[in-house]
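*Asks:* Attaching a single structure in C-alpha coordinates format; questions to follow.
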Amino acid sequence: MKSISNILSMSVLLVAKNAVAMAESPPDLFWQERDALDRAKILWDSQGIDNYEFEYYKLSGTGNDPANTVYPWRVKVQDGQETTAIDGNKQNVPGAYPPDMDKLFATIERQLDRDNVLELVARYNIQYGYPESILMDMEDGGLYHVEVSNFAVIGTQNKNQVAPSKLEQAVDANLRWRSHNIQSYSYQYTEYSMGQYYEFPLSVTVHGRQVTMHDRRGNQIQPWHPQFMEGFFERIRTALDRKAPYVEVTYNADYGFPEDIYIVDNDEVAVLTFDVRISSFLVL
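In our numbering, each residue carries its 1-based index in the sequence shown increased by 16.
Here you go:
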(Lines of atoms letter the chains of each structure in order from A and count residues from 1; the text may use other names and numbers.)
(Lines give C-alpha, C1' and ligand atoms only; values in the text may rest on other atoms or scores of the structure.)
Protein backbone atom coordinates (compact mmCIF):
# COMPACT_ATOMS: atom_id res chain seq x y z
CA MET A 1 0.00 0.00 0.00
CA LYS A 2 2.87 2.35 0.84
CA SER A 3 4.48 1.80 -2.57
CA ILE A 4 1.18 2.59 -4.30
CA SER A 5 0.87 5.81 -2.28
CA ASN A 6 4.41 6.77 -3.24
CA ILE A 7 3.67 6.14 -6.91
CA LEU A 8 0.51 8.25 -6.73
CA SER A 9 2.40 11.05 -4.98
CA MET A 10 5.13 10.98 -7.62
CA SER A 11 2.50 11.02 -10.38
CA VAL A 12 0.76 14.05 -8.88
CA LEU A 13 4.10 15.83 -8.51
CA LEU A 14 5.04 15.05 -12.12
CA VAL A 15 1.71 16.37 -13.41
CA ALA A 16 2.15 19.52 -11.34
CA LYS A 17 5.67 20.07 -12.66
CA ASN A 18 4.48 19.60 -16.24
CA ALA A 19 1.66 22.09 -15.67
CA VAL A 20 4.13 24.65 -14.30
CA ALA A 21 6.51 24.07 -17.21
CA MET A 22 3.67 24.54 -19.71
CA ALA A 23 2.56 27.71 -17.93
CA GLU A 24 6.12 29.09 -17.97
CA SER A 25 6.65 28.34 -21.68
CA PRO A 26 6.17 31.59 -23.56
CA PRO A 27 3.61 31.48 -26.37
CA ASP A 28 4.90 31.62 -29.93
CA LEU A 29 3.74 35.09 -30.97
CA PHE A 30 4.87 34.57 -34.55
CA TRP A 31 3.33 31.16 -35.31
CA GLN A 32 1.28 32.59 -38.18
CA GLU A 33 4.37 34.20 -39.69
CA ARG A 34 6.29 30.92 -39.35
CA ASP A 35 3.44 29.09 -41.04
CA ALA A 36 3.33 31.58 -43.92
CA LEU A 37 7.13 31.42 -44.27
CA ASP A 38 7.12 27.61 -44.51
CA ARG A 39 4.41 27.59 -47.18
CA ALA A 40 6.08 30.34 -49.21
CA LYS A 41 9.48 28.64 -49.04
CA ILE A 42 7.99 25.37 -50.28
CA LEU A 43 6.36 27.17 -53.20
CA TRP A 44 9.57 29.05 -54.08
CA ASP A 45 11.73 25.90 -53.90
CA SER A 46 9.27 24.04 -56.11
CA GLN A 47 9.90 26.48 -58.97
CA GLY A 48 13.54 25.47 -59.43
CA ILE A 49 14.43 29.02 -60.50
CA ASP A 50 18.18 29.75 -60.42
CA ASN A 51 18.43 32.72 -62.81
CA TYR A 52 16.26 35.76 -62.13
CA GLU A 53 16.29 39.49 -61.47
CA PHE A 54 14.30 41.94 -59.36
CA GLU A 55 14.27 45.46 -57.96
CA TYR A 56 15.41 45.67 -54.35
CA TYR A 57 14.86 48.44 -51.80
CA LYS A 58 16.00 48.32 -48.18
CA LEU A 59 15.75 50.72 -45.27
CA SER A 60 17.23 49.85 -41.89
CA GLY A 61 18.35 51.72 -38.79
CA THR A 62 16.50 53.60 -36.05
CA GLY A 63 13.17 55.28 -36.42
CA ASN A 64 14.63 58.79 -35.97
CA ASP A 65 17.78 58.33 -38.01
CA PRO A 66 17.40 55.74 -40.80
CA ALA A 67 20.71 54.28 -41.86
CA ASN A 68 21.97 51.88 -44.49
CA THR A 69 19.35 52.92 -47.00
CA VAL A 70 19.56 51.03 -50.26
CA TYR A 71 17.77 52.80 -53.06
CA PRO A 72 16.16 50.63 -55.70
CA TRP A 73 18.77 48.33 -57.22
CA ARG A 74 18.23 45.97 -60.09
CA VAL A 75 19.56 42.70 -58.68
CA LYS A 76 20.54 39.83 -60.98
CA VAL A 77 21.01 36.31 -59.66
CA GLN A 78 22.81 33.61 -61.66
CA ASP A 79 22.99 29.93 -60.79
CA GLY A 80 21.14 30.62 -57.56
CA GLN A 81 24.15 32.24 -55.84
CA GLU A 82 26.09 34.85 -57.82
CA THR A 83 24.43 38.23 -57.39
CA THR A 84 25.14 41.63 -58.91
CA ALA A 85 23.47 45.00 -58.28
CA ILE A 86 22.85 47.66 -60.92
CA ASP A 87 21.90 51.21 -59.93
CA GLY A 88 19.55 53.64 -61.67
CA ASN A 89 22.29 54.58 -64.13
CA LYS A 90 22.66 50.93 -65.14
CA GLN A 91 26.09 50.77 -63.51
CA ASN A 92 27.33 48.02 -61.20
CA VAL A 93 27.15 49.14 -57.57
CA PRO A 94 30.69 48.83 -56.12
CA GLY A 95 30.95 46.84 -52.90
CA ALA A 96 27.30 45.84 -53.01
CA TYR A 97 26.19 42.56 -51.45
CA PRO A 98 22.60 42.20 -52.63
CA PRO A 99 20.67 39.17 -51.37
CA ASP A 100 19.16 36.39 -53.40
CA MET A 101 15.75 35.01 -52.43
CA ASP A 102 17.21 32.29 -50.20
CA LYS A 103 18.99 34.95 -48.14
CA LEU A 104 15.77 36.93 -47.76
CA PHE A 105 14.00 33.79 -46.52
CA ALA A 106 16.89 33.15 -44.11
CA THR A 107 16.64 36.71 -42.78
CA ILE A 108 12.97 36.25 -41.94
CA GLU A 109 13.57 32.86 -40.32
CA ARG A 110 16.48 34.19 -38.26
CA GLN A 111 14.55 37.20 -36.99
CA LEU A 112 11.56 35.06 -35.98
CA ASP A 113 13.82 33.29 -33.48
CA ARG A 114 15.04 36.48 -31.80
CA ASP A 115 13.56 38.02 -28.65
CA ASN A 116 14.00 41.67 -29.64
CA VAL A 117 11.51 41.67 -32.52
CA LEU A 118 8.27 43.45 -31.64
CA GLU A 119 6.59 42.98 -34.99
CA LEU A 120 7.36 41.13 -38.19
CA VAL A 121 5.13 41.29 -41.23
CA ALA A 122 6.06 39.60 -44.51
CA ARG A 123 4.11 39.40 -47.75
CA TYR A 124 4.85 36.69 -50.31
CA ASN A 125 4.26 36.49 -54.05
CA ILE A 126 1.25 34.32 -54.84
CA GLN A 127 2.69 32.80 -58.03
CA TYR A 128 6.31 32.15 -57.05
CA GLY A 129 6.37 32.40 -53.25
CA TYR A 130 9.31 34.82 -52.88
CA PRO A 131 9.12 37.64 -50.27
CA GLU A 132 7.67 40.81 -51.78
CA SER A 133 7.78 42.86 -48.59
CA ILE A 134 9.44 42.47 -45.18
CA LEU A 135 8.82 44.87 -42.31
CA MET A 136 10.36 44.39 -38.87
CA ASP A 137 10.12 46.61 -35.79
CA MET A 138 12.73 46.08 -33.05
CA GLU A 139 12.61 46.77 -29.30
CA ASP A 140 15.44 49.31 -29.57
CA GLY A 141 13.51 51.37 -32.11
CA GLY A 142 15.32 49.80 -35.02
CA LEU A 143 13.55 49.35 -38.33
CA TYR A 144 14.10 46.89 -41.17
CA HIS A 145 12.07 47.36 -44.32
CA VAL A 146 12.60 45.54 -47.63
CA GLU A 147 10.58 45.77 -50.84
CA VAL A 148 10.99 43.45 -53.84
CA SER A 149 9.34 44.34 -57.13
CA ASN A 150 9.49 43.76 -60.90
CA PHE A 151 10.62 40.16 -60.51
CA ALA A 152 11.50 38.38 -63.76
CA VAL A 153 12.83 34.93 -64.61
CA ILE A 154 15.88 35.02 -66.89
CA GLY A 155 15.63 32.49 -69.70
CA THR A 156 13.56 29.30 -69.75
CA GLN A 157 14.07 27.06 -66.75
CA ASN A 158 12.55 23.74 -65.79
CA LYS A 159 15.07 22.35 -63.33
CA ASN A 160 12.40 20.52 -61.36
CA GLN A 161 10.50 19.21 -64.33
CA VAL A 162 8.41 16.57 -62.55
CA ALA A 163 8.28 17.54 -58.88
CA PRO A 164 6.98 21.14 -59.14
CA SER A 165 3.50 20.25 -60.35
CA LYS A 166 3.00 17.75 -57.54
CA LEU A 167 4.56 20.07 -54.99
CA GLU A 168 2.40 22.95 -56.16
CA GLN A 169 -0.67 20.73 -55.84
CA ALA A 170 0.36 19.83 -52.29
CA VAL A 171 0.95 23.47 -51.35
CA ASP A 172 -2.35 24.57 -52.88
CA ALA A 173 -4.27 21.78 -51.14
CA ASN A 174 -2.59 22.59 -47.81
CA LEU A 175 -3.53 26.25 -48.22
CA ARG A 176 -7.15 25.30 -48.89
CA TRP A 177 -7.20 23.02 -45.86
CA ARG A 178 -5.76 25.71 -43.58
CA SER A 179 -8.12 28.37 -44.91
CA HIS A 180 -11.05 26.47 -43.34
CA ASN A 181 -9.34 26.50 -39.91
CA ILE A 182 -10.95 23.20 -38.92
CA GLN A 183 -9.77 22.15 -35.46
CA SER A 184 -12.11 19.23 -34.72
CA TYR A 185 -13.04 16.52 -37.22
CA SER A 186 -13.41 12.79 -37.69
CA TYR A 187 -12.77 10.35 -40.54
CA GLN A 188 -12.37 6.70 -41.47
CA TYR A 189 -8.78 5.58 -41.98
CA THR A 190 -7.48 2.67 -44.06
CA GLU A 191 -3.79 1.90 -44.47
CA TYR A 192 -3.39 -0.97 -46.91
CA SER A 193 0.23 -1.66 -46.02
CA MET A 194 -0.88 -2.35 -42.40
CA GLY A 195 -3.71 -4.73 -43.32
CA GLN A 196 -2.02 -7.67 -41.61
CA TYR A 197 -2.22 -5.87 -38.24
CA TYR A 198 -5.67 -4.27 -38.18
CA GLU A 199 -9.13 -4.75 -39.62
CA PHE A 200 -9.76 -1.49 -41.46
CA PRO A 201 -11.24 1.07 -41.63
CA LEU A 202 -10.41 2.62 -38.27
CA SER A 203 -12.33 5.53 -36.77
CA VAL A 204 -10.24 8.63 -36.06
CA THR A 205 -11.27 11.73 -34.11
CA VAL A 206 -9.04 14.81 -34.03
CA HIS A 207 -9.15 17.87 -31.76
CA GLY A 208 -6.27 20.15 -32.69
CA ARG A 209 -3.34 17.73 -32.56
CA GLN A 210 -4.97 15.33 -30.11
CA VAL A 211 -5.86 12.13 -31.93
CA THR A 212 -8.14 9.31 -30.75
CA MET A 213 -8.35 6.12 -32.79
CA HIS A 214 -10.75 3.15 -32.44
CA ASP A 215 -10.94 -0.15 -34.29
CA ARG A 216 -14.13 -1.57 -35.78
CA ARG A 217 -15.06 -3.15 -32.44
CA GLY A 218 -14.83 0.19 -30.64
CA ASN A 219 -11.54 -0.57 -28.89
CA GLN A 220 -9.21 2.39 -28.56
CA ILE A 221 -5.79 1.88 -30.12
CA GLN A 222 -2.59 3.90 -30.21
CA PRO A 223 -2.03 5.89 -33.44
CA TRP A 224 1.27 5.00 -35.14
CA HIS A 225 1.42 8.11 -37.36
CA PRO A 226 0.56 11.77 -36.75
CA GLN A 227 -3.04 11.12 -37.91
CA PHE A 228 -4.04 14.80 -38.06
CA MET A 229 -4.17 16.32 -41.54
CA GLU A 230 -1.03 18.45 -41.18
CA GLY A 231 0.84 15.24 -40.42
CA PHE A 232 -0.26 13.77 -43.75
CA PHE A 233 0.71 16.93 -45.62
CA GLU A 234 4.13 16.80 -43.96
CA ARG A 235 4.52 13.15 -45.04
CA ILE A 236 3.70 14.12 -48.64
CA ARG A 237 6.07 17.11 -48.68
CA THR A 238 8.90 15.03 -47.20
CA ALA A 239 8.48 12.40 -49.92
CA LEU A 240 8.52 15.07 -52.64
CA ASP A 241 11.58 16.75 -51.12
CA ARG A 242 13.35 13.39 -51.04
CA LYS A 243 12.35 12.85 -54.68
CA ALA A 244 10.65 9.58 -53.80
CA PRO A 245 10.27 7.30 -56.85
CA TYR A 246 6.47 7.43 -56.75
CA VAL A 247 4.10 9.92 -55.13
CA GLU A 248 0.43 10.07 -56.09
CA VAL A 249 -2.13 11.98 -54.02
CA THR A 250 -5.80 12.83 -54.53
CA TYR A 251 -7.02 15.86 -52.58
CA ASN A 252 -10.57 16.55 -51.40
CA ALA A 253 -12.23 19.13 -53.65
CA ASP A 254 -14.07 20.90 -50.81
CA TYR A 255 -11.54 21.02 -47.98
CA GLY A 256 -8.20 20.18 -49.59
CA PHE A 257 -7.18 17.30 -47.29
CA PRO A 258 -5.56 14.23 -48.92
CA GLU A 259 -8.12 11.49 -49.61
CA ASP A 260 -5.79 8.97 -51.25
CA ILE A 261 -2.05 8.81 -50.63
CA TYR A 262 0.28 6.36 -52.35
CA ILE A 263 4.00 6.81 -51.75
CA VAL A 264 6.81 4.46 -52.69
CA ASP A 265 10.07 5.57 -51.09
CA ASN A 266 13.37 3.92 -50.33
CA ASP A 267 16.02 4.33 -47.69
CA GLU A 268 19.32 2.59 -47.09
CA VAL A 269 17.60 -0.54 -45.84
CA ALA A 270 14.38 -1.19 -47.74
CA VAL A 271 11.65 0.05 -50.04
CA LEU A 272 8.89 1.73 -48.05
CA THR A 273 5.24 1.94 -49.11
CA PHE A 274 2.65 4.30 -47.65
CA ASP A 275 -0.81 3.51 -49.05
CA VAL A 276 -3.64 5.34 -47.27
CA ARG A 277 -7.32 6.07 -47.84
CA ILE A 278 -9.24 8.75 -45.87
CA SER A 279 -13.03 8.64 -46.11
CA SER A 280 -16.27 9.68 -44.33
CA PHE A 281 -14.78 13.01 -43.28
CA LEU A 282 -16.91 15.08 -40.86
CA VAL A 283 -16.39 18.48 -39.28
CA LEU A 284 -17.23 18.31 -35.56
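All C-beta atoms, glycine included, are put in the ideal place defined by N, C-alpha and C.
Do W60 and Y146 have their CB atoms nearer than 7 Å?
*Replies:* Result yes, Cβ atoms of W60 and Y146 sit closer than 7 Å.
*Asks:* Is the Cβ-Cβ distance between Y267 and A189 less than 7 Å?
*Replies:* Yes; because the gap between Cβ atoms is below 7 Å, this pair is in contact.
*Asks:* Are the beta-carbon atoms of Y73 and E163 separated by less than 7 Å?
*Replies:* A contact, by the Cβ cut-off of 7 Å.
*Asks:* Check whether the Cβ atoms of L134 and L183 lie closer than 7 Å to each other.
*Replies:* No, the pair does not count as a contact, with Cβ atoms beyond the cut-off.
*Asks:* Hey, which unbroken runs of the beta strand (DSSP E) at 3 residues or more fall wholly within the stretch 239-270?
*Replies:* Complete beta strand (DSSP E) runs here, min 3: 262-267.
*Asks:* What does the alpha-carbon distance come out to for the pair D118 and E98?
*Replies:* Rounded to the nearest angstrom, the two C-alpha atoms are 12 Å apart.
*Asks:* Return helix, strand or coil for R192, following the three-state DSSP convention.
*Replies:* In the structure shown, R192 sits in a helix (DSSP, three-state: H, G or I).
*Asks:* Can you tell me which of the three DSSP states R233 falls into?
*Replies:* Correct three-state label for R233: coil.
*Asks:* Spatial neighbours of V315 within its chain, please: CB distance less than 6 Å, with the 5 preceding and 5 following residues excluded, ordered by chain position.
*Replies:* No statement about residue 315 is possible, as the shown extent of the chain runs from 17 to 300 and does not include it.
*Asks:* What does the alpha-carbon distance come out to for the pair E40 and F248?
*Replies:* Here the model assigns E40 a pLDDT of 43, short of 50, so the residue's position is not dependable and the matter cannot be decided.
*Asks:* Using only alpha-carbon positions, find the residue among R293, K259, P261 that is nearest to F273.
*Replies:* Closest by alpha carbon: R293.
*Asks:* Span of the beta strand (DSSP E) holding D118?
*Replies:* Looking at the DSSP string, D118 is not in any beta strand (DSSP E); the run it does join, the alpha helix (DSSP H), is 117-128.
*Asks:* Starting from the Cα of W193, find the closest Cα among I170, V299, F70 and give me that residue.
*Replies:* Looking at the Cα atoms, V299 is the closest of the given residues.
*Asks:* When you compare only the Cα positions, how much space is there between S195 and L120?
*Replies:* Taking the straight line joining both Cα atoms gives about 26 Å.
*Asks:* Going by Cα to Cα distance, which pick from E215, Q127, K57 is closest to I142?
*Replies:* Answer by Cα proximity: K57.
*Asks:* Measuring CA to CA, which of A269, D270, I277 is closest to V263?
*Replies:* Nearest of A269, D270, I277 to V263, Cα basis: I277.
*Asks:* Around the Cβ of I150, are there at least 16 other Cβ atoms within 10 angstroms (buried) or fewer (exposed)?
*Replies:* By the neighbour-count rule (16 or more Cβ atoms within 10 Å), I150 is buried.
*Asks:* Would you identify the three-state DSSP class for I58, choosing helix, strand or coil?
*Replies:* Helix at I58.
*Asks:* Assign D116 to buried or exposed, taking buried as 16 or more other Cβ atoms, counted over all protein chains shown, within 10 Å of its Cβ.
*Replies:* Classification for D116: buried.
*Asks:* On the DSSP bridge assignment, give the partners of F70 in chain order.
*Replies:* V91.
*Asks:* Quickly, what does DSSP pair I150 with across the bridge? List them, please.
*Replies:* Paired residues: A138, V162.
*Asks:* Would you check if the distance between the CB atom of Y208 and the CB atom of V220 is smaller than 7 Å?
*Replies:* Cβ atoms of Y208 and V220: not closer than 7 Å.
*Asks:* Which one of Q226, R232, W47, R225 has the shortest CA to CA distance from L218?
*Replies:* Checking every option, the nearest Cα to that of L218 belongs to R232.
*Asks:* Verify whether the separation of the beta carbon atoms of G171 and N67 is less than 7 Å.
*Replies:* Contact: yes.
*Asks:* Out of I102, A101, Y271, E155, which has the shortest C-alpha to C-alpha gap to Q127?
*Replies:* When each option's Cα is compared against that of Q127, the closest is E155.
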